[in-house]
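Here the structure comes first, spelled out in C-alpha cells, and everything after it is commentary.
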Ligand SMILES: [Ca+2]
Ligand SMILES: [Ca+2]
Ligand SMILES: [Ca+2]
Ligand SMILES: [Ca+2]
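Residue numbers (mature numbering (1 follows the signal peptide of the UniProt record, and there is no 0)): -26 to -1, 1 to 228.
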C-alpha cells in the first residue's frame, strides 16, 4: 500500500469513528451550552453526613478541583484551595468538599443578610439540566451554606429564605481545612417553599446541572474571591445565581 493510500484508509476510518461517536454523543448529550460533563458513580452505601470523609463511597470517588476564579484578584493556595467529590443514591446527591481557607469570616449574623459576603459554600443544582434563568424561580437552586450551617437562597418572592430542612450539611474544621459533607435532595421546578415538596428519585443515566463554588472573605466588607468548579465564558463570571446555563453537567452512572 502506498503512503497516500494508507493515509487515505486510516483518515477515512478516523473520520467514520468520529461520525459514529458524534452521533452517539448527539443522542445522549444535554441540550444546554456548557459541555462540561462529569460522571458521578452511585454509592452502594450512602455516606453518613457527619463531616468525616471515612465513608466507603468517598474512598474511590474522583476528586475534582475548585479552581475557577469567578470574582476577585488572584489568590494563593494558603488563602484558598478547594477540592470536592460527588456520589449519589436514589435519594439524592452527596457532596464532600475539602476547603483550605486561612481566615473564616462570618460578619453578618442574620443568615438572610448579605450571606454571599461571608465565607460560604455555594451549591448550584438544576434537577433537569435545562439551564436558563433561575433568579427568582426554581428552574434551578443556588444554595449558600454558611459557616453557622444556615442554608439560604432567593425564592419566588425575590426574598432570601432558609432551606435548612431540605439539605443536610455538616462541617468539621481542623486548622485551616474544613470538610463540608452535604446531602442534596433534588426538586423539580414546581418547588413551593410553603408546601411539602416531593424529592426526585435519581436514576442511572440522568443528567443534572451542577456547579460548586466558595465565597472567600477574610477581612473585607465584600467577599474577596468567588471560586467555582466550572469555567464561565466572558467578562461577567458571577452568573451562576441567575443563569443555570453556566452550570456543568453531571451524568449519573453505576
Ligand atoms: Ca461521612
Ligand atoms: Ca482566605
Ligand atoms: Ca431546570
Ligand atoms: Ca475566608
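Glycine included, each C-beta is placed from N, C-alpha and C at the ideal position. Note that the structure is a prediction, hence the values are computed from the model and not measured.
With which residues is residue i paired in a DSSP beta bridge?
i           : result
residue 229 : Because residue 229 is not part of the residues shown, which for the chain are -26 to 228, the question remains open.
Helix, strand or coil for residue i, going by three-state DSSP, please let me know.
i           : result
residue 98  : strand
residue 134 : strand
residue 199 : strand
residue 219 : helix
residue 190 : strand
residue 38  : strand
residue 166 : coil
residue 181 : strand
residue 75  : strand
Taking the continuous beta strand (DSSP E) assigned at residue i, which residues delimit it?
i           : result
residue 109 : From DSSP, residue 109 is part of no beta strand (DSSP E); its letter is neither H nor E.
residue 154 : 151 to 158
residue 120 : 115 to 120
residue 126 : 125 to 128
Is residue i close to ligand 3? I mean its beta-carbon at under 7 Å from any heavy atom of the ligand.
i           : result
residue 163 : yes
residue 102 : yes
residue 113 : yes
residue 218 : yes
Would you say residue i faces chain B, with C-beta separation under 8 Å as the test?
i           : result
residue 145 : You won't find chain B in this structure, because it holds only one protein chain.
Got a sec, what are the start and stop residues for the alpha helix (DSSP H) residue i sits in?
i          : result
residue 44 : Here residue 44 belongs to no alpha helix (DSSP H); instead the beta strand (DSSP E) covers 42 to 45.
Compute every distance between the C-beta of residue i and the non-hydrogen atoms of ligand 1, then say whether any falls below 7 Å.
i          : result
residue 20 : no
Does ligand 2 have even one heavy atom less than 7 Å from the beta-carbon of residue i?
i           : result
residue 144 : no
- Message: Under 8 Å, with one C-beta from each stretch per pair, do the segment 47 to 64 and the segment 205 to 216 reach the 3-pair mark?
- Response: no
- Hey, is the segment 32 to 42 in contact with the segment 111 to 127, meaning 3+ C-beta pairs nearer than 8 Å? no
- Message: Could you check whether the segment 106 to 114 touches the segment 69 to 89, counting it as contact only if at least three pairs of C-beta atoms, one from each stretch, sit closer than 8 Å?
- Response: Contact between the segment 106 to 114 and the segment 69 to 89 is absent, because fewer than three Cβ pairs lie under 8 Å.
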